[in-house]
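Those protein sequences? They're chains A and B, same order as listed. The first sequence begins at 1 in this note's numbering and counts up by one. The second sequence begins at 1001 in this note's numbering and counts up by one.
Number of protein chains: 2
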Amino acid sequence: MSEYKLTPQSEDFNEWFNTLVQRADLADYGPVRGTMIIKPYGWALWENIQQGLDKRFKATGHVNAGFPMFIPKSFLEKEAKHVEGFSPELAVVTIGGGEELAEPIVVRPTSETLAGHAYANWIKSYRDLPVLINQWNSVVRWELRTKLFLRTAEFWWQEGHTAHATYEEAETETRQMLDVYHDFAVNEAAVPVIRGRKSNIERFAGADQTYTIEAMMKDRKALQAGTSHNLGQNFARAFDIQYLDRNNELQHCWTTSWGFSTRFIGGMVMTHGDDKGLVLPPRLAPFQVVIVPIYKNDDEKSQVMPVVQRIQAELVAADVRVKVDNREDLTPGFKFNDWELRGVPVRMEIGPKDVSKGTVALARRDMPGKEGKSFVSQAGLTSQVQTLLKTIQANLLETATQFRDAHIQDARNYDEFKQIIAAGEWGDCWWAGSDADEKRIKEETGATTRCFPLAQPEGTSQCMLTAQTANEVVLFAKAY
Amino acid sequence: MSEYKLTPQSEDFNEWFNTLVQRADLADYGPVRGTMIIKPYGWALWENIQQGLDKRFKATGHVNAGFPMFIPKSFLEKEAKHVEGFSPELAVVTIGGGEELAEPIVVRPTSETLAGHAYANWIKSYRDLPVLINQWNSVVRWELRTKLFLRTAEFWWQEGHTAHATYEEAETETRQMLDVYHDFAVNEAAVPVIRGRKSNIERFAGADQTYTIEAMMKDRKALQAGTSHNLGQNFARAFDIQYLDRNNELQHCWTTSWGFSTRFIGGMVMTHGDDKGLVLPPRLAPFQVVIVPIYKNDDEKSQVMPVVQRIQAELVAADVRVKVDNREDLTPGFKFNDWELRGVPVRMEIGPKDVSKGTVALARRDMPGKEGKSFVSQAGLTSQVQTLLKTIQANLLETATQFRDAHIQDARNYDEFKQIIAAGEWGDCWWAGSDADEKRIKEETGATTRCFPLAQPEGTSQCMLTAQTANEVVLFAKAY
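Below is the structure:
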């Protein structure tokens, strides 16, 4: 388990990540190339993410449903840009029940076409609108180069699919869900994402407008952490999603879709993790507190364990997610390393001295060493732990925000820009370039536009590339 | 919506079911033949089922994980009976990312082989045991004749996969999970299932022993509602799942698997439903109470709605799942029918007279007409509603149990048996027949053994077919 020493981030960030997610029992490879098994510890994290998002979806009026994983291949072809975007990544079923199928079936890479088909059947009049449906599932996109959580042939996510009577309602929905993702990422995961609009080139295949939340990893590469698409009437026209309006006239709907996936787990690992392992935000950590009992013999054990059990019960009663590590054949030191690797926010040590003094030792995962260690009274312990968890949560967000802001640089011209990108930073620049300019920059520097941030400076300025008047600022970065 | 009249159960049970599940917005067909869309109302029911089961799984020490949907075809072939059982139903992916695959991939029909492969990697020593993992997913079994919820090409379920050091532990786990299913079905769904052991013929492909819960539908056909398998060392040997025991000797593990699917939703529909539609058990119903406000004009509406909103808030605060039907362009009568179709346990009507008298009208879904209607005070309403929901839950279970017991008949010989089966009843009989005898009975009568109930009478008696001494009683029935 944790006797293995991780490669330091500074030495090989990629190696650090790949080793960590397996060593910390988040995930493993499946037998089919590029597939992933999310192990129980990783899945518990995903369940907490699901809960945090699902309650926000329901609070904004959405309901869940279950759509099939199979799509007739012909469906994808109904929306021209959509099929162009997804064709290279499809897994195709050609045999069913021992027989060659008349029409090949695709395993869903995303479900806009299924929703389009169903909504065309379900929606009759303006009274049926809006339709606000989400689903939790897994999707398949065949990938040649794979990386656990970040790029696998199958991944888990949620995909929302909504239909509306007007463009304005669809746009409001698209932006609302972006805000939901932002709120979740910042306040639950302590990942300070930046909200923005994607460029033409980076837009979802079939969308009129794509919004994104972009996160900065500790290697300063960008991670697209969630997207929300205004699909205009593209899918409504392709699938005949129509409704009778109040004047009894037939109109096409306006649709949206939005998704947030297990890739975000990779994003959390790379936002908060350090050379000792994971650092999980308290609000999402499967275990918020691990108690390590310390004793040398049965006599000490019989003093320590009743206190451990009492404190455990008090924490459970206060809804603190607590784990007691009572493994018999491992040293406390081994256990400390093991739980550091797994990123548990607070470690509580209880030994015979603590029992006699009525104290415990608390160690913060986000602050290794003496600085993060405190000795506190068992009286009022639960509320102290709750306060500490909030402090850690806030500290993770502040640290990540400072890190992010320290690595976004203003680029006033292309020379400056190239230096910034070459140094691994993000470039913040006024932009009036064309799609072709954007592609050229990608070829020359490896950086892509991450987004036009929703928070824009006032006024206009010179485009960093073309020196034309630019109305907007864009963020460029190398990205996962 | 509900203006459509259902075919009565007595006229055509099959037609009643097929129409109802679509009309009540539980499910619809997907575009690929045999696939199902579970609509939001049906999915909300499934989410409540998931919660009820998941908390029981966690309380018995299980954790969730996510396994891939793809299995190398060769994996299935490692366990001889398993491949024989599942081969005819497979969906096979032969193309990935535009290229023909070197080895075909199967979309999981069940995941024993994936668990086997992973556990062989993960388990090293007795310290790693038991492994107690569950997953919520969907699986694919190609079906020629499909029926929503009961038999579709894809369905949702949970599948537990556990590994143990001894046969006894595996058997204890298998039986424990059967008891979990039984407890859930009886106490949450009011479906009085019978626990028992499957015959050799009806056993899961690859299991040493299969246990089942069997339910009786209102057409008296049996529905296998959940199964729990002791897999012995079959998969451990096929996949080399081995551990070092305390003496440092290598041993094969003993494994189990157990599953419970969306087919159970069909079972609930056919256990409780009537000619007016669904009858949902309060503990699982997406809405436990629907409030229909009654008014003829704006003046009455302004009197009624504040009371409706106050009562809604009180019920929500007490965790009662309540829906206010404030649709403007529909009559109360239409709404009554609509919610009866959808099986909401309690309808609350509030009109101007109720406002002035401080009362509401309550109507029980399980007791249509005047008998189920009461007029109660708004004072203490929440606790009255909670009591009523418990009464309805208990009444559904009692009614279904009485129905079940009234339709299980003792068959002392084959002539009696044939009459019982021809009359559509279940035959309860002493049995010492062979596998061949069982097959012959299926051919001659259409009935199969459902299970050897765990609750057995004392002693021995004559086998109903062979007249040999039989040690056990078996249940025969026609089944879905």
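Ideal placement from N, C-alpha and C gives every residue a C-beta, glycine not left out.
Can you give the Cα-Cα distance for residue i and residue j, rounded to whole angstroms?
i, j, result
"B/Met1001", "B/Phe1375", "Its pLDDT being 44, under 50, B/Met1001 is placed unreliably by the model, and nothing is read from it."
"B/Asp1428", "B/Met1268", "23 Å"
"B/His1182", "B/Arg1195", "7 Å"
"A/Met481", "B/Arg1327", "Residue 481 of chain A cannot be examined here, being either before or after the span of chain A that is shown, 1 to 480."
"A/Val355", "A/Glu173", "55 Å"
"B/Leu1114", "A/Gly30", "8 Å"
"A/Lys5", "A/Arg220", "23 Å"
"B/Tyr1295", "B/Met1348", "14 Å"
"B/Pro1332", "B/Pro1352", "14 Å"
"B/Thr1060", "A/Arg321", "17 Å"
"A/Trp43", "B/Ala1432", "47 Å"
"A/Arg237", "A/Trp156", "29 Å"
Counting only beta-carbon separations shorter than 8 Å, does residue i have a partner in chain B?
i, result
"A/Asn18", "no"
"A/Gly97", "yes"
"A/Leu144", "yes"
"A/Gly66", "yes"
"A/Phe75", "yes"
"A/Pro109", "no"
"A/Thr94", "yes"
"A/Pro31", "yes"
"A/Ile408", "no"
"A/Val63", "yes"
"A/Asp28", "yes"
"A/Glu371", "no"
"A/Ile133", "yes"
"A/Ile105", "yes"
Is any beta-carbon of chain A found at less than 8 Å from that of residue i?
i, result
"B/Pro1293", "no"
"B/Leu1148", "no"
"B/Ile1241", "no"
"B/Glu1112", "no"
"B/Val1047", "A small fix is needed here, since residue 1047 of chain B is Glu in this sequence, not Val. Yes, contact with chain A."
"B/His1117", "yes"
"B/Ile1071", "yes"
"B/Pro1130", "no"
"B/Val1320", "no"
"B/Asp1208", "no"
"B/Ala1205", "no"
"B/Glu1416", "no"
"B/Ala1422", "no"
"B/Ser1138", "yes"
Opposite residue i in the DSSP bridges: which residues?
i, result
"A/Ile408", "A/Trp426"
"A/Trp157", "A/Asn137, A/Ser261"
"A/His62", "Answer by DSSP bridge pairing: none, since A/His62 is not bridged."
"A/Glu47", "Beta-bridge pairing links A/Glu47 to no other residue."
"A/Gly196", "A/Thr212, A/Pro453"
"A/Ile350", "A/Pro293"
"A/Lys373", "A/Ala363"
"B/Phe1476", "B/Gly1427, B/Thr1449"
"B/Phe1070", "B/Val1107"
"A/Ile95", "A/Glu100, B/Val1092"
"A/Gln242", "A/His252"
"B/Gly959", "As displayed, chain B neither begins before 1001 nor continues past 1480, which places residue 959 of chain B out of reach and without an answer."
"A/Ile441", "A/Ile441 pairs with nothing; no bridge assigned."
Whole runs of the alpha helix (DSSP H) within the region 1262-1328 of chain B, excluding any shorter than 4 residues: 1263-1272, 1298-1317
Members of the region 217-248 of chain A near chain B, C-beta cut-off 7 Å: none
Contact list for the region 1154-1168 of chain B against chain A, Cβ threshold 7 Å: Glu1154, Trp1156
Contiguous alpha helix (DSSP H) assignments of at least 4 residues, all confined to the region 111-152 of chain A: 112-122
Runs of alpha helix (DSSP H) wholly within the region 5-36 of chain A (minimum 4 residues, chain order): 13-23
Short-range partners of chain A found in the region 1035-1061 of chain B, where Cβ spacing is below 9 Å: Thr1035, Met1036, Ile1037, Ile1038, Lys1039, Pro1040, Tyr1041, Gly1042, Trp1043, Ala1044, Trp1046, Glu1047
Interface positions of the region 1337-1349 of chain B facing chain A (Cβ-Cβ less than 9 Å), listed along the chain: none
Contacting positions in the region 254-282 of chain A - beta carbon closer than 9 Å to chain B: Thr262
Residues from the region 1080-1092 of chain B in contact with chain A, defined by Cβ distance under 8 Å: Ser1087, Pro1088, Glu1089, Leu1090, Ala1091, Val1092
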